[in-house]
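Colleague:
Protein chains: 2
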Amino acid sequence: MQNKFNAIYHDLADKIIHHIYPVGSYLPSETQLSELYGTSRETIRKALSELLTNGFIQKIRGKGSVVLNLQRFNFPVSGITSFKELNKSQHMNSSTEVLCIEDQHVPLENFDYQSATPLKATYVERLRKIDNEPIVLDRDYILKNIVPEISQTVAADSLYDYFENQLGLVISYATKTITVEHPTKEEAKLLELNEQQDIVVVRSQTYLEDTTLFQFTESIHRPDKFSFVDFARRQKIN
Amino acid sequence: MQNKFNAIYHDLADKIIHHIYPVGSYLPSETQLSELYGTSRETIRKALSELLTNGFIQKIRGKGSVVLNLQRFNFPVSGITSFKELNKSQHMNSSTEVLCIEDQHVPLENFDYQSATPLKATYVERLRKIDNEPIVLDRDYILKNIVPEISQTVAADSLYDYFENQLGLVISYATKTITVEHPTKEEAKLLELNEQQDIVVVRSQTYLEDTTLFQFTESIHRPDKFSFVDFARRQKIN
DNA sequence: TAGTGGTCTAGACCACACT
DNA sequence: GTGTGGTCTAGACCACTAA
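Line by line, the protein sequences give chains Z and L. Position 82 of the first sequence, counted from 1, bears residue number 82 in full-length UniProt numbering, the numbering being contiguous throughout. Position 184 of the second sequence, counted from 1, bears residue number 184 in full-length UniProt numbering, the numbering being contiguous throughout.
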């Protein structure tokens with residue numbers, strides 16, 4: 001937490017989560033906060049603008065910053081989060097079963113992606129269970145030119161942890177699409193569905209800090225277990 | 001467009017969309033931009049940070065700001081956008097059929113919302129078609145204490161246009177959940193589905209600038225026509 | 001009128017990438 | 001070393017809210 005504004009953001013977020021600043025109350029004004037934290041007003045404003053985009057507060061001109069009642073939305077299901085992280089922060093009783101690790105080319109047509117040459121990747125297929133019920137079937141294609149090798153133990157634990165903390169990769173952004181499709185026989189079997197039921201498919205492409213494409217993922221969700229929660233701010237279209 | 005940084009943001013976004021700054025190239029540096037636009041560097045940085053969060057560029061420390069290849073993600077399906085706006089910006093051949101306008105209480109249990117007293121609302125049910133195929137069934141509950149009356153003509157045109165441009169309401173943010181459910185007979189009939197097929201339900205609560213809750217919406221999507229596109233930046237969980 | 005957030009400035013120092 | 005983006009500052013003026 002080297003940045004001032006980041007430290008202030010987390011301090012304020014904590015205080016909101018623990019109701020030191022209760023829902024519906026106003027935070028101290030920006031000038032008061034800048035005195036409190038011994039920093040300039042612009043730095044305070046950066047921290048507040050983080051709180052704003054993450055749905056902690058609403059700023060009202062001429063009045064102040066109100067604490068919102070949206071704590072439940074603050075875990076970033078709409079962001080990029082690994083299963084292990086989610087699991088940890090939600091205290092779920094979950095497990096991961098590695099079904100397959102092998103070298104494959106990325107099935108580009110699935111991802112609506114153009115490439116002159118085939119993309120070599122490590123294919124990892126994993127089944128995620130919560131309380132012993134299958135919830136998600138994850139299919140990851142991790143590009144070989146970035147990560148040459150992936151071991152069984154890493155796949156069973158957490159790919160993101162390995163990439164970020166062992167390899168020092170900085171994951172930056174992703175594009176996602178969510179659609180509803182018919183399952184294949186295999187998918188239905190693994191997720192314990194009958195073949196009439198649809199599946200929810202979340203496909204994403206993940207990029208590193210330097211804009212290198214790095215991973216393709218296909219997450220197949222049981223429809224009855226799927227829930228996507230989002231917080232959005234209005235933005236006019238021009 | 002009174003704000004400098006907003007004007008600069010739109011100018012740069014336009015130039016990216018029209019490939020004046022091609023995909024993969026670098027924008028001029030921040031100091032160059034501040035000379036170009038005759039403004040301070042911090043103002044430029046605000047504009048760039050908008051471009052960043054909307055997926056237009058990626059900033060790389062020590063190098064510059066790279067133009068990303070994500071134009072298709074820039075219409076905010078993940079934001080708050082009205083059907084009419086989307087329609088206009090996507091040039092679709094669409095129509096809206098108003099099925100019902102009447103006074104109702106908000107069915108709070110559907111939205112997992114607590115309230116001591118029932119919430120009086122105008123209920124508007126509309127069926128959205130594209131190329132004469134039913135796509136979405138929208139059910140809006142607009143709270144009476146904010147908007148007392150809604151006419152048939154307004155519902156047939158655009159609620160958001162009415163709220164923002166006629167009534168001067170400022171819509172600020174919303175919470176959304178996406179789930180997959182079984183249709184009722186009526187829903188299946190309206191969307192021309194067989195009752196085996198699932199539906200995608202997007203439920204949202206929309207708030208005004210002053211944090212007043214203002215609208216509940218239930219959007220029922222045909223599963224085969226549903227697609228949700230998102231751009232997300234990585235944020236660590238603490 | 002006093003206090004609030006919204007915008008903008010001109011400067012400073014730092015960490016990082018490239019050559 | 002030079003140029004880049006990342007952070008931070010101290011001050012200014014504005015528009016809005018409330019008493």
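In this text, a Cβ means the ideal position worked out from N, Cα and C, and glycines have one as well. No experiment lies behind these values; they were computed from the predicted model shown.
May I ask you to report which of helix, strand or coil DSSP gives H221(L)?
Modeller: strand
Colleague: Check the Cβ of F231(Z) against every Cβ in chain L and list those closer than 9 angstroms, keeping chain order.
Modeller: Y173, A174, T175 and K176
Colleague: For the stretch 123 to 137 of chain Z, which residues have a beta carbon sitting closer than 8 angstroms to at least one beta carbon of chain L?
Modeller: none
Colleague: Whole angstroms is fine: what's the gap from Q166(Z)'s alpha carbon to Y207(L)'s?
Modeller: 43 angstroms
Colleague: With DSSP collapsed to three states, give me the class of Y173(Z).
Modeller: strand
Colleague: By how many angstroms is the C-alpha of L12(L) removed from the C-alpha of H18(L)?
Modeller: In this structure, the alpha-carbon of H18(L) lies about 10 angstroms from that of L12(L).
Colleague: Expressed to the nearest angstrom, what Euclidean distance is found between the alpha-carbon atoms of V201(Z) and D140(Z)?
Modeller: 13 angstroms
Colleague: Look up A116(Z) in the DSSP assignment and say whether it is helix, strand or coil.
Modeller: coil
Colleague: Is any heavy atom in the ligand HEM found nearer than 7 angstroms to the beta carbon of G64(Z)?
Modeller: Summarising the ligand content, the structure contains no ligands, and the ligand HEM is consequently not present.
Colleague: I believe L119(Z) touches V106(Z) by the beta-carbon criterion, under 8 angstroms. Please report the beta-carbon distance rounded to the nearest angstrom.
Modeller: Yes, they are in contact, since the Cβ atoms of L119(Z) and V106(Z) sit about 4 angstroms apart, within 8 angstroms.
Colleague: Chain Z partners of E109(L), CB-CB under 9 angstroms?
Modeller: Here the premise fails: no neighbours, minimum Cβ distance about 16 angstroms.
Colleague: Any contact between the stretch 94 to 102 of chain L and the stretch 41 to 52 of chain L? By contact I mean 3 or more CB pairs, one from each, below 8 angstroms.
Modeller: no
Colleague: Just reading off the beta strand (DSSP E) that S227(Z) is part of, what are its end residues?
Modeller: Annotation for S227(Z): the continuous beta strand (DSSP E) segment containing it runs S227 to R233.
Colleague: Kindly indicate which three-state DSSP category V23(L) falls into: helix, strand or coil?
Modeller: coil
Colleague: When DSSP builds the beta bridges, which residues end up paired with D140(Z)?
Modeller: According to DSSP, which records beta bridges pairwise, D140(Z) is partnered with V124(Z) and T217(Z).
Colleague: How many Å lie between A174(L) and Q152(Z) at the Cα?
Modeller: Approximately 42 angstroms, taken between the alpha carbons.
Colleague: Can you name the residues that DSSP bridges to T103(Z)?
Modeller: Sequence inspection shows Asp at residue 103(Z); the Thr mentioned does not correspond to that position. Per DSSP, T122(Z).
Colleague: R203(L) and F111(L) - do their beta-carbons sit closer together than 8 angstroms?
Modeller: Cβ atoms of F111(L) and R203(L): closer than 8 angstroms.
Colleague: Please confirm if Q196(L) has its CB atom under 8 angstroms from at least one CB of chain Z.
Modeller: It does: the Cβ of Q196(L) has a partner Cβ on chain Z nearer than 8 angstroms.
Colleague: Is the Cβ of V147(Z) closer than 8 angstroms to any Cβ of chain L?
Modeller: no
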